[in-house]
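Q:
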Amino acid sequence: MRYEYNDGSCSAGREPRLYLAKGDKIARFNGRDIEGFCVIAKSRYEKNGKWSNTTYELEMVPGVRALYFLSPMHGVWGENLESWGEVAESLGLSVDTCKEIIGREYKKTAERLDKIEEFSLSVEKENITSETVIISFGSPTNRAIREGYWEEPKTGYTSEGKEVKISPGEEGGWYKPVVLIPKEAKIIASSHSPGMHGGYWKVEVIVPISN
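What follows is the structure, given as structure tokens:
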């Protein structure tokens with residue numbers, strides 16, 4: 040079986056990655072033959088400044104699968120996945136192998152999933168479940184900015200109506216927000232997207248909910 044792969048940079052500074060998997064064994068493709076996984080049947084280089092790229096046709100060893108990774112525009116791969124189990128299911132690999140790949144390629148995603156796992160294990164011991172609350176905000180009017188929009192706390196709610204309030208951190212601002220209420224909640228990720236008047240923020244907060 041042949042697989043075509045282009046290593047060119049994509050818009051918004053995104054770089055594709057290609058891994059080959061045979062069972063739970065993996066290898067990262069870096070433009071060379073990989074013994075036991077593939078050989079390069081053809082390659083075509085296109086010179087175009089920072090957009091220069093090479094298209095490869097890979098002859099795959101039977102039983103080898105291609106795992107192509109590319110982050111979404113203004114985001115990071117795996118940002119919508121909520122556990123290492125979901126990653127393993129989506130890639131068809133063991134959790135340990137997924138942690139090896141994502142920890143190497145997408146550290147923010149790996150750190151977020153580790154935080155979720157750590158938090159979930161701690162609340163599970165107390166017979167408590169948890170819920171992830173997304174607090175999104177941004178693109179304020181000029182008047183709102185003058186009145187302190189970016190310094191004001193932002194609020195979200197759990198599915199049961201429990202208030203979740205966050206504020207910008209003393210160091211790092213909205214890149215490192217802090218939880219005001221409930222105290223048991225924990226920030227697991229904060230990401231920024233470009234846009235008018237300062238753009239948009241998405242903050243993910245994991246909140247314990249008693250059974």
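Here the sequence shown is numbered in the working numbering, starting from 40 and rising by one per residue. Don't be surprised by glycine CBs; every beta carbon is placed ideally from N, CA and C.
Between which two residues does the alpha helix (DSSP H) containing residue 126 stretch?
A: Element bounds for residue 126: 123–130.
Q: Of the residues 52, 248, 207, 172, which one's Cα is nearest the Cα of residue 89?
A: It is 52 whose Cα lies nearest to the Cα of residue 89.
Q: Are there 16 or more other CB atoms within 10 angstroms of the CB of residue 243, so buried, or fewer, so exposed?
A: Residue 243 is buried by the Cβ-count criterion.
Q: Rounded to whole angstroms, what is the Cα-Cα separation between residue 190 and residue 157?
A: Residue 190 and residue 157: Cα-Cα distance of roughly 30 Å.
Q: Cα separation between residue 166 and residue 160?
A: One C-alpha to the other measures close to 10 Å.
Q: Nearest-angstrom Cα distance between residue 109 and residue 56?
A: Using only the alpha carbons, I get a separation of about 7 Å.
Q: Give me the residue from 103, 123, 247 with the minimum Cα distance to residue 62.
A: Nearest of 103, 123, 247 to residue 62, Cα basis: 103.
Q: Please give the ranges of any beta strand (DSSP E) in the region 66–139, keeping only runs that are unbroken, at least 3 residues long and fully inside the region.
A: 77–85, 92–99, 104–108, all fully within the region 66–139.
Q: Helix, strand or coil for residue 202 per DSSP?
A: Strand.
Q: I need the boundaries of the beta strand (DSSP E) containing residue 171, first residue and last residue.
A: Per DSSP, residue 171 belongs to the beta strand (DSSP E) from 167–177.
Q: Less than 7 Å between C-beta atoms, sequence neighbours within five positions excluded: which residues of the same chain meet that for residue 155?
A: Cβ neighbours of residue 155 beyond the five flanking positions: 121, 122, 227, 245.
Q: Which residues does DSSP list as the beta-bridge partners of residue 45?
A: Looking at the DSSP assignment, residue 45 forms a beta bridge with 94.
Q: If you follow the beta strand (DSSP E) that residue 197 is in, where does it begin and where does it stop?
A: Element bounds for residue 197: n/a, residue is neither H nor E.
Q: Below 7 Å CB to CB, which residues in the same chain sit around residue 235 once its five sequence neighbours on both sides are set aside?
A: Taken in chain order, the residues that qualify are 178.
Q: Tell me the residue span of the beta strand (DSSP E) that contains residue 60.
A: Run containing residue 60: 56–61, per the beta strand (DSSP E) assignment.
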